[in-house]
Ligand code: AMP
């Protein structure tokens, strides 16, 4: 596995394979790998000739008072795990390389996708997604992958990136893969490392709440208000006051009052100790007549 830091080295490493028509897959990450990241890398390994992982803790997607300084990092461990997953090339740019002095351009998706849920000004705000789409656009331009892999755990991020790719004609196929979970359901996240043992146990209530929502929908509940209340009460039972629990169209994130046969995203964000965790489920349930 090759590790490169500069864009020049990256270009050089990709030039030959691209000329030979190799299929290049990109897995963008912020590092501190867990099985969620590795599932994307393994899938890329199956689908592509050349697997590129970018490792960059992107400052522009962190807001003021967020955890960029304490965000967990372990480059040596990440490189070992990536090598075992069959990655060919890891690109680890530094901040000035991505944002050189005078950097003044950004990519912003609007259309109601980035001002709700995580992008709600009371949550991380729309600047979070502006940071995400700007860096992903840059990663796409530098690597020029045929396919890029993202996790369904960040469901809104995936919707926003898919819209950017469509609207700006990026010649990249976006694959969104299922959320990888611990045995008790907790979605894997680099931020889980912030949880002490008691918080770790309580955090399982988030996925339990989503599971209850899924089951209730399967049993015929069509009111998203009732589903959201069910999730809230499960969280309350574990002493978790969520930042939000919301049901929205999984396609365009517009509000949905009743299940209607289209995919509905039920998304949760909650603080447990000093970790702010997000999780979601997508319900594909027909409304009962
Ligand atoms: P991050 O390093 O947290 O920015 O995540 C890099 C990629 O891994 C993103 O596409 C995430 O959606 C994805 N990812 C993070 N956690 C999980 C998980 N538990 N299961 C599947 N994918 C994940």
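Residue numbers (the numbering used here): 2 to 290. Each residue gets a CB set at the ideal place from its N, CA and C atoms; glycine is no exception.
**OP:** Pick helix, strand or coil for residue 193, following the three-state DSSP scheme.
**Re:** Numbered from its first residue, the chain shown carries residue 193 at position 192. Helix, per DSSP.
**OP:** Look at residue 236 and residue 217 and say whether their C-beta atoms are less than 8 Å apart.
**Re:** For the purposes of this step, residue 236 is identified with residue 235 of the chain shown, where counting begins at 1. For the purposes of this step, residue 217 is identified with residue 216 of the chain shown, where counting begins at 1. Not a contact, by the Cβ cut-off of 8 Å.
Original post:
For the beta strand (DSSP E) that residue 151 lies in, which residues bound it at each end?
Top reply: Walking along the chain shown from the start, residue 151 turns up at place 150. Residue 151 -> beta strand (DSSP E) spans 148 to 152.
Subject >> Alpha carbon of residue 96 to alpha carbon of residue 240, nearest angstrom >> reply: The count along the chain shown starts at 1 and reaches residue 96 at position 95. The count along the chain shown starts at 1 and reaches residue 240 at position 239. Looking at the two C-alpha atoms, the distance is approximately 39 Å.
Subject >> Three-state secondary structure (DSSP) of residue 244 >> reply: Taking the chain shown and counting its residues from 1, one reaches residue 244 at position 243. In the structure shown, residue 244 sits in a strand (DSSP, three-state: E or B).
Original post:
What residue range is occupied by the uninterrupted alpha helix (DSSP H) comprising residue 210?
Top reply: Taking the first residue of the chain shown as position 1, residue 210 is located at position 209. Looking at the DSSP string, the run of the alpha helix (DSSP H) that includes residue 210 is 198 to 219.
**OP:** Give a yes or no on whether the C-beta atoms belonging to residue 164 and residue 110 are separated by under 8 Å.
**Re:** For the purposes of this step, residue 164 is identified with residue 163 of the chain shown, where counting begins at 1. For the purposes of this step, residue 110 is identified with residue 109 of the chain shown, where counting begins at 1. It is a contact, given that the beta carbons lie within the stated cut-off.
**OP:** Hey, could you find the ends of the beta strand (DSSP E) residue 56 is sitting in?
**Re:** Within the chain shown, residue 56 is the residue found at index 55, counting from 1. Its beta strand (DSSP E) spans residues 51 to 56.
Original post:
My guess is that residue 265 and residue 273 are in contact by the Cβ rule of under 8 Å, so how many angstroms apart are they, rounded?
Top reply: Translated into positions along the chain shown, residue 265 becomes position 264. Translated into positions along the chain shown, residue 273 becomes position 272. Not quite, the Cβ-Cβ distance comes to about 25 Å (not below 8 Å), so this is no contact.
Subject >> For residue 280, three-class secondary structure by DSSP >> reply: To locate residue 280, count along the chain shown from 1; it is residue 279. Correct three-state label for residue 280: strand.
Subject >> Span separating the alpha-carbon of residue 56 from that of residue 94 >> reply: Locating residue 56 in the chain shown gives position 55, where the first residue counts as 1. Locating residue 94 in the chain shown gives position 93, where the first residue counts as 1. The alpha-carbon atoms of residue 56 and residue 94 are separated by roughly 7 Å.
**OP:** Return the chain-ordered list of same chain residues with a C-beta closer than 6 Å to the C-beta of residue 83, the five sequence neighbours on each side being excluded.
**Re:** Taking the first residue of the chain shown as 1, we reach residue 83 at position 82. 54 and 91, listed in sequence order.
Original post:
Can you tell me the Cα-Cα spacing of residue 157 and residue 123, whole angstroms?
Top reply: If you number the chain shown from 1, residue 157 lands on position 156. If you number the chain shown from 1, residue 123 lands on position 122. Those two C-alpha atoms are separated by around 16 Å.
Subject >> Cβ-heavy atom distance, residue 151 to ligand 1, below 7 Å >> reply: Against the chain shown, residue 151 aligns to sequence position 150. Checking the Cβ of residue 151 against ligand 1 gives yes.
Original post:
By the 10 Å Cβ neighbour count, where 16 or more other Cβ atoms means buried, how is residue 77 classified, buried or exposed?
Top reply: As a working mapping, residue 77 is identified with position 76 in the chain shown. Classification for residue 77: exposed.
**OP:** Report the rounded CA-to-CA distance for residue 290 versus residue 126, giving the unit in angstroms.
**Re:** Taking the chain shown and counting its residues from 1, the one referred to as residue 290 is at position 289. Taking the chain shown and counting its residues from 1, the one referred to as residue 126 is at position 125. Only weak support exists for where residue 290 lies, its pLDDT of 49 falling under 50; the coordinates are left without a value.
Original post:
Between residue 3 and residue 75, which are expected to be in contact by the criterion C-beta below 8 Å, what is the C-beta distance as a whole number of angstroms?
Top reply: Locating residue 3 in the chain shown gives position 2, counting from the first residue. Locating residue 75 in the chain shown gives position 74, counting from the first residue. Rounded, the Cβ-Cβ distance is 19 Å, inconsistent with contact.
Original post:
Which one of 221, 212, 10 and 249 has the shortest CA to CA distance from residue 234?
Top reply: As a position in the chain shown, residue 234 is number 233, starting the count at 1. Residue 212 is the option with its Cα nearest to residue 234.
Original post:
Less than 7 Å between the CB of residue 108 and some heavy atom of ligand 1, yes or no?
Top reply: Here residue 108 refers to the residue found at position 107 of the chain shown. No, since every heavy atom of ligand 1 falls outside the 7 Å radius drawn around the Cβ of residue 108.
Original post:
Comparing alpha-carbon positions, which option in 244, 242, 248 and 238 lies nearest residue 227?
Top reply: On the chain shown, position 226 is the one that residue 227 refers to. That would be 248, whose Cα lies nearest to the Cα of residue 227.
Original post:
Taking the runs of the beta strand (DSSP E) that are 3 residues or longer, which of them lie wholly in the region 121 to 168?
Top reply: 148 to 152
Subject >> Option in 276, 51, 34 and 263 with minimal Cα separation from residue 58 >> reply: Working through the chain shown from its first residue, we reach residue 58 at position 57. Closest option to residue 58, Cα to Cα, is 34.
Original post:
Of the residues 177, 191, 145 and 183, which one's Cα is nearest the Cα of residue 170?
Top reply: Translated into the one-based positions of the chain shown, residue 170 becomes position 169. Nearest option by C-alpha distance: 145.
Original post:
Is the beta carbon of residue 140 less than 8 Å from the beta carbon of residue 29?
Top reply: On the chain shown, position 139 is the one that residue 140 refers to. On the chain shown, position 28 is the one that residue 29 refers to. In contact: residue 140 and residue 29 (Cβ atoms closer than 8 Å).
Original post:
Does the distance from the CB of residue 195 to the CB of residue 26 come in under 8 Å?
Top reply: Looking up residue 195 in the chain shown gives position 194. Looking up residue 26 in the chain shown gives position 25. No. Outside cutoff.
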